[in-house]
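For what it's worth, the UniProt record's numbering labels the leading residue of the sequence shown as 1, then goes sequentially. A virtual CB, placed ideally from N, CA and C, is assigned to each residue, including glycine. No experiment lies behind these values; they were computed from the predicted model shown. Report on the structure given below.
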Amino acid sequence: MEELPVVPPDCKRKRSLSARAAEAAEAKQLAKSQRTQPAGTKHGRIPQAGGSKPASTVTAKVPKPVREAAVRAKEGCQPTDKENARHAALHAAAGSAAGGQRKRKAPEPGAPQDDAPQDLADAAAPSEGKRGAQCRRLMLEQSELIGALQEEEIATANEAHAKKGKGRQRVLVDMHGNSTAAAEAAEPENEYERMRQARIERNTAMLKQLGVQRMAQQMQATAQQAGGAVSSPQDQEAQEQRRKEKAEARRQRAAEAAAQMTATRRSHRLGGEGAGTGDAAASDQAISTSNADPERAELLELEEFFKWKGQEVEGFQVDGHYHGWVNPAICEKYALAANSEQAWEQNGGGKFTFKIDKSAIPASLKSKGWSDARAFSATQLQKNPNTYFYRHVAPHEVQAQGEWTQEEHDLFLTTAKANGVGDKWGLFASYIPQRVGYQCSAYYREVVIPRGLIFDPRFRMTRGGKAVFVG
1 MEELPVVPPD CKRKRSLSAR AAEAAEAKQL AKSQRTQPAG TKHGRIPQAG
51 GSKPASTVTA KVPKPVREAA VRAKEGCQPT DKENARHAAL HAAAGSAAGG
101 QRKRKAPEPG APQDDAPQDL ADAAAPSEGK RGAQCRRLML EQSELIGALQ
151 EEEIATANEA HAKKGKGRQR VLVDMHGNST AAAEAAEPEN EYERMRQARI
201 ERNTAMLKQL GVQRMAQQMQ ATAQQAGGAV SSPQDQEAQE QRRKEKAEAR
251 RQRAAEAAAQ MTATRRSHRL GGEGAGTGDA AASDQAISTS NADPERAELL
301 ELEEFFKWKG QEVEGFQVDG HYHGWVNPAI CEKYALAANS EQAWEQNGGG
351 KFTFKIDKSA IPASLKSKGW SDARAFSATQ LQKNPNTYFY RHVAPHEVQA
401 QGEWTQEEHD LFLTTAKANG VGDKWGLFAS YIPQRVGYQC SAYYREVVIP
451 RGLIFDPRFR MTRGGKAVFV G
């Protein structure tokens, strides 16, 4: 405990601010210690060291001399001679008691208890009275209790730390490849490591017995003799130069082939009834291809392809265009117009364009995560059914995925015979339940044409059996 300075009688009336603050803090601490009862007390009674005679009851009332000193310190007045003497006696008694506590050893079993704190408190009684001695004794007992609790907390923390360190096994990792040093510093191996090492040694012995390594060395030597000496740096440079020349020649041939090829298809999937048809001159240009492209080196007409292949087919001829309208059952169910012109004019009209009007897409469709094309086509059932059915089935249907059934296949051919086939895939798909326009287009190109079921003049075949749209 810090010792407070004693102000001499001849000091000035007004003292420094630090001295007044120190005395006020001392008075406050002493009053607080009197209000707090130590552990083990009951009804304000403090157990004695001998346990034979209880001490007097300690109240929470602050002694009058202490209150007067606190008031004078707060007002900045000079303490009296009597107060100075009492402060000096208090600090001397507290210092002696603290020193005795550190030097005193634990008593032997059966020996009388050391009553030094009580004697010190009684020795200071003439200067401060019985009540002040009891307050100091409380402070000493509290300090002993706090010290014991701190020691117990430190011991508990050390024990927990020791237990925590045992949860992970220590291992050595050879980070620098120094296997000899790592093996010397390694800890005793467990059963698994011993078994693993035994298996490695056994396998090594078997390989040595079979002569695998010797045979591998002999084969390597034979290969080197057959292939000659290792090529010189000049030979390696020559090989690298030839490789670069071949790669450059391939790139030039590919560029020439791409320059000679022209665009062969323009999509009219969003078009209405009046969508334009391909030009004959453009079709002739599309047929002429470069020999550098193996896929389109030579495109054959459908009849010529099946004749070259030796396959007899009985497909029917179409002109490559769809000439019908929406399935009558769907028109009646959803009150669609009788033809494309009426549907367009009755639902807003305007000039047709392939550009998607994003402002016409409702927020409810944007929130579904669809593309702009699919979201926009979902709004065109009444105005442009071809656009709608290219990406959507009828509102009462669920779209089918995967392989086509025989029933769907037969219905495809029936619709093609009745209304034609080759464009306006949305309108065509309205006759195939649970299928959309782009599914019908893919089935036509990948299955129907290569099998020779329909002869479309706008398609050609490669010798590999792939249908190519030429317009």
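Answer yes or no: do residue i and residue j have a C-beta to C-beta separation smaller than 7 Å?
| i | j | result |
| --- | --- | --- |
| Arg-458 | Gly-315 | no |
| Val-468 | Val-318 | no |
| Gly-348 | Asn-419 | no |
| Ala-373 | Leu-365 | no |
Short of 7 Å in beta carbon distance, which residues of its chain neighbour residue i, apart from the five on each side in sequence? Order them along the chain.
| i | result |
| --- | --- |
| Val-398 | Gln-434 |
| Ala-337 | Ala-343, Gln-346 |
| Gln-380 | Thr-387, Tyr-388 |
| Thr-156 | none |
| His-392 | Ser-377, Ala-378, Val-436 |
| Tyr-444 | Val-421 |
| Gly-465 | Pro-450 |
| Lys-417 | Phe-316 |
| Glu-408 | Ile-432, Arg-435 |
| Ala-400 | Gln-434, Arg-435 |
| Arg-199 | none |
Report, in whole angstroms, the separation of the C-beta atoms of residue i and residue j, which I expect to be a contact under 8 Å.
| i | j | result |
| --- | --- | --- |
| Trp-425 | Tyr-388 | The Cβ separation is near 12 Å, so there is no contact. |
| residue 472 | Thr-415 | There is simply no residue 472 to check, as the chain begins at 1 and stops at 471 in what is shown. |
| Arg-451 | Leu-300 | The Cβ separation is near 15 Å, so there is no contact. |
Give every residue of the same chain whose Cβ lies closer than 6 Å to the Cβ of residue i, excluding the five residues on either side of it in the sequence, and list them in chain order.
| i | result |
| --- | --- |
| Ala-394 | Ile-330 |
| Ser-441 | Trp-425 |
| Arg-242 | none |
| Val-313 | Phe-306, Gly-452 |
Given that a residue counts as buried once 16 or more other Cβ atoms are within 10 Å of its Cβ, and exposed if not, what is residue i?
| i | result |
| --- | --- |
| Tyr-322 | buried |
| Glu-304 | exposed |
| Ser-340 | buried |
| Ile-454 | buried |
| Arg-137 | buried |
| Glu-152 | exposed |
| Thr-57 | Only weak support is given to the placement of Thr-57: the predicted model assigns it a pLDDT of 42, under 50, and the question is left unresolved by the model. |
| Leu-207 | exposed |
| Glu-23 | buried |
| Ala-223 | exposed |
| Leu-145 | exposed |
| Gln-449 | In the sequence as displayed, the identity of residue 449 is Ile instead of Gln. Counting Cβ neighbours within 10 Å, Ile-449 comes out buried, since at least 16 surround it. |
| Met-139 | buried |
| Gln-134 | buried |
| Phe-412 | buried |
| Leu-30 | buried |
| residue 552 | Any answer about residue 552 is impossible in this case: the structure gives the chain only from 1 up to 471. |
| Phe-306 | buried |
| Asp-456 | buried |
So, for residue i: in the same chain, excluding its five sequence neighbours on each side, which residues have a beta-carbon less than 8 Å away from its beta-carbon?
| i | result |
| --- | --- |
| Val-326 | Leu-336, Pro-385, Phe-389, Leu-427, Ser-430 |
| Trp-308 | Leu-300, Arg-463 |
| Glu-446 | Ala-467 |
| His-213 | Checking the displayed sequence, the identity of residue 213 turns out to be Gln instead of His. Closer than 8 Å at the Cβ level, and outside the excluded window around Gln-213, lie Leu-207. |
| Gly-177 | Residue confidence is low: Gly-177 scores 48 on pLDDT, short of 50, so the model does not pin down where it sits. No coordinate-derived value is stated. |
Given the structure, does residue i come close to the ligand ATP, in the sense that its CB is under 6 Å from one of the ligand's heavy atoms?
| i | result |
| --- | --- |
| Leu-413 | By its list of ligands, the structure shown contains no ligand whatsoever, and the ligand ATP lies outside what it can speak to. |
Tell me, please, whether the stretch 373-388 touches the stretch 411-430 by the rule of three or more beta-carbon pairs shorter than 8 Å.
yes
Three or more C-beta pairs under 8 Å: does that hold for the stretch 341-360 against the stretch 393-413?
Contact between the stretch 341-360 and the stretch 393-413 is absent: fewer than 3 CB-CB pairs across the two stretches fall below 8 Å.
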